Amino acid sequence: MPKQLSSHRLCRSPFWLFAALVALQVQPLSAFDLLAEDPLSWLALEPAADELPKVDPGGRFAVYIEPAATRANPAGAELWSVALAGGEPVSLSGAMAPGDHVLAFRISPDGRWVAFVASRGGRPPGLALVPTQGGAPRAIAGYVGTEGEALSGAVSSPFAPRALMAPLAPLAPFAFDSGSRSLAFSTGEDSARSALLVEEIFYNGFESGDASGWSDITPNLCPTPTGGPTLHSSVVANQTWTANTSPHVLTANVLVPVGVTLTVAPCAEVRVRPTFDLTVQGTLVARGTPLQRIAFRRDNPSLPWDSIWVKSTGFADLAFLDLSGGGAAGASVIAEGTGFLPAALPLLADHLKVVGSTSLGVRLIQSAGFAAGSRDLVVSGAGATDPGAPYPVRMPLITVGTLPTGTYTGNASDLISINEGNHVVEVDAAFHDRGIPYQIGGPAATLGVITIDGDPALATLTIDAGVEIRFYTQGSNIGGLFVGTSGSPVATGRIVATGTPVAPILFTGAGGAPVAGSWEGITFFGALATGNLLDHVEIDAAGAHGGDQGFGCPPPPLVDTDGALKIFSQPSVQFLTNSTISRSSTHGVFRAWIGAPVDFLAGNTFGDVALCNQVLPKPPLPAVCPANPDCPQ
């Protein structure tokens, strides 16, 4: 647990919290997998909520109940949240009176919400909801008074008297759905209700990747500021840039140093003068709301600014934020890791919109990835003036699985560029379908290669249905996908690519119109792992020469070991199924092992293969290749 967890609020009683977290071996909570419309099904699968300390799924906040015995405050047990990166604890349970106390709580799968049950003034418990980072609790269910108990003055408690609330069953279970959109709770035997957590504005389709109903065409319900402008030109201390003192104008490069948190409040506007950036080595928290978004814009309408640059050890939490007109330094948002494993996840992008970047929209370097909870990232207009950086996102191979859902179209080149650092899958990684193709390599570094090699361990690359991966080739730098290590007696790489009839996976060459031989293909080296699978995939435009000769039994006088799919160790089963090999400049399947044949023709389709659909493997010595080996076409 980071030492920053201690603060003035916890200093009177840090031991009980740290001891509880350590004893529990607390890990960030994870979403349960079932997607269900019936609230009873959520409740049946979830264990009962409890009072134990917890860490949110992104590892950003610790949430805990502080017993009354640890404070001078005579009120009952209160619910608190503290950022693990540092900062002051914030109350989540609202105003508490003597005898009030929080009984149990749980954190939503996306980490944005905390639901809790509290007893107020001796009444039956009630259920409330509050943002994890703090805010006003929202009453969901339970005792909240009667129609005769009128409100007077401001409401400081989520359970202030209020009429016509849903009942809450005694000791009622409550649980979030897997998408963190609803909170379900029991209202009695075999009955339950649910409450929506996200404003209805986002049920127009954007949450599934359509940004047409979000952001610029959505009214931003923000008051006109009266206290600005506010100029910033140096290192900042712990502070909040408010909406009322907007616009906040960066007149020079501004630094958020290590140990410092800069908070940008909902409705705040930040304007950046040309060529300047906001560099984050500490923590940037810029979380707007669906109807009170934050804006980062150009100060000079005709000249771009640089970026929000999250340096190593820094963290940026960007939610419901519109960012436009940046990219003068290569990207509008840059996140930097350490270059080592485990990969750093310094950027949380939640309903972040990046528009009109002169270069890349978002760039992640040094093995950096997106933090848990990232979703609905929108990048459009990237590469507006820089033809060498036309992509919405450029990121490392090792963190490609962290790329969030979103919309990545309308850019100079609608490709996710995988062209940062090491192109070796050393730990498990995944490609998810994000609506546009992935390009491996490119003009900036030319290395269009993926190598799956967790040596000495086994690393698995998983590819989801509908994914398209393009391999860049330039000159002698030939693109290709390689599984395992040549000559290794143990399996160090595995690929699981599972498409469907309606959403096959496509492996092909890069460029507007790849031709046969645009890249080498898929090659399996060394010992084969169990579980390799290429199902409902297409290997297209492959067959380029990779340099190997003398393997297998191709028809004479052919000696090169070339093909769209090459296998150098004898498999136990066929693992290319329901698939297509098209436009190979050489062979289809090159069985380069020594041993018994395993057929890869059955159930697969071959089209425009220049040579053999399948090459015969060499038999064990002293046998030799036949004079006229089979060459199906």
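If you're matching positions, the sequence shown starts at -5 in our numbering and goes up one per residue.
Ideal placement from N, C-alpha and C gives every residue a C-beta, glycine not left out.
The model shown is predicted, which means the values in this text are computed figures rather than measured ones.
Exercise. PRO155 to VAL124, Cα distance in whole Å?
Worked result: Only weak support is given to the placement of PRO155: the predicted model assigns it a pLDDT of 33, under 50, and the question is left unresolved by the model.
Exercise. When the Cα atoms are used, what is the spatial distance from PRO119 to VAL111?
Worked result: 6 angstroms
For this session: Look up SER174 in the DSSP assignment and give the residues it is bridged to.
Result: Partner(s): none; SER174 has no beta bridge.
Exercise. When the distance is taken between beta carbons, is ARG267 closer than 7 angstroms to THR245?
Worked result: yes
Exercise. In the DSSP assignment, what are the bridge partners of CYS261?
Worked result: CYS261 pairs with nothing; no bridge assigned.
For this session: Taking VAL349 as the reference, give the member of ILE328, PRO336, GLY377, LEU358 with the closest Cα.
Result: GLY377
Problem set entry | DSSP bridge partner residues for TYR58 (one or two, in chain order) | TRP74
For this session: Counting only runs of 3+ residues fully inside the stretch 239 to 324, write out the beta strand (DSSP E) ranges in chain order.
Result: 242 to 244, 248 to 250, 255 to 258, 263 to 266, 272 to 274, 277 to 281, 288 to 292, 302 to 304, 309 to 318
Exercise. The beta strand (DSSP E) with ARG464 in it runs from where to where?
Worked result: 462 to 465
Exercise. So what's VAL553 in DSSP terms, helix, strand or just coil?
Worked result: coil
Exercise. Mind checking whether GLY105 and ASP50 have CB atoms under 7 angstroms apart?
Worked result: yes
Exercise. If you follow the beta strand (DSSP E) that MET90 is part of, which residue opens it and which one closes it?
Worked result: Careful: MET90 lies outside any beta strand (DSSP E) and carries neither H nor E.
Exercise. For LEU78, does the count of other Cβ atoms within 10 angstroms reach 16, so buried, or fall short, so exposed?
Worked result: buried
Exercise. Using a Cβ-Cβ cut-off of 6 angstroms (strictly less than) and excluding sequence neighbours within five positions of ASP534, which residues of its own chain qualify?
Worked result: THR502, SER576, ARG577
For this session: Figure out for me which residue from LEU522, PRO384, LEU409, TYR432 has the closest Cα to the Cα of GLY487.
Result: LEU522
Exercise. Where DSSP assigns a beta bridge to VAL418, which residues make up the other side?
Worked result: THR445
Exercise. Does the separation of the CB atoms of PHE55 and ALA109 fall below 7 angstroms?
Worked result: no
Problem set entry | Within-7 angstroms CB hit, GLY415 to chain E | Going by chain labels, chain E is absent from the structure shown, which holds only one protein chain.
Problem set entry | ALA383 (DSSP reduced to helix, strand or coil) | coil
For this session: Can you give me the start and stop residues for the beta strand (DSSP E) that HIS345 sits inside?
Result: 341 to 349
Problem set entry | Exposure label - PHE334; buried when at least 16 CB within 10 Å | exposed
For this session: Check GLY105 in the structure and name its three-state DSSP category.
Result: coil
Exercise. By how many angstroms is the C-alpha of THR257 removed from the C-alpha of TRP235?
Worked result: 6 angstroms
For this session: Can you check DSSP and say which residues form a bridge with ASN471?
Result: GLN468
Exercise. Apart from the five residues just before and just after VAL229, which ones in its own chain have a Cβ nearer than 7 angstroms to its Cβ?
Worked result: LEU249, PRO251
Problem set entry | Same chain, Cβ closer than 8 angstroms to ASN598, neighbours up to 5 away in sequence not counted | LEU570, THR571, ASN572, SER573, THR574, ILE575
Problem set entry | Spatially closest choice to THR494 from ASP458, GLY469, PRO549, by CA coordinates | ASP458
For this session: Tell me whether the beta-carbon of VAL254 lies closer than 7 angstroms to the beta-carbon of VAL274.
Result: no
For this session: Would you please state the rounded distance, in angstroms, between the beta carbons of GLU60 and ALA71? I believe it to be under 8 angstroms.
Result: 7 angstroms
Exercise. What did DSSP end up calling THR218 once you bin it into helix, strand or coil?
Worked result: coil
Problem set entry | alpha helix (DSSP H) runs contained entirely in the stretch 524 to 600, provided each spans 4 or more residues | none
Exercise. Among CYS216, SER188, GLU263, ALA189, which residue has its Cα nearest to the Cα of PRO223?
Worked result: GLU263
Exercise. Any chance the stretch 380 to 387 sits against the stretch 352 to 360, with 3 or more Cβ pairs inside 8 angstroms?
Worked result: yes
Exercise. Quick one, which of ASP344, ARG369, GLY53 has its alpha-carbon nearest ILE288's?
Worked result: ASP344
For this session: Take the Cβ of ASN294 as the centre, count every other Cβ of all protein chains shown within 10 Å, and call the residue buried at 16 or more, exposed below.
Result: exposed
For this session: With a 10 Å radius around its C-beta and 16 neighbouring C-beta atoms as the bar for buried, classify GLN627 as buried or exposed.
Result: exposed
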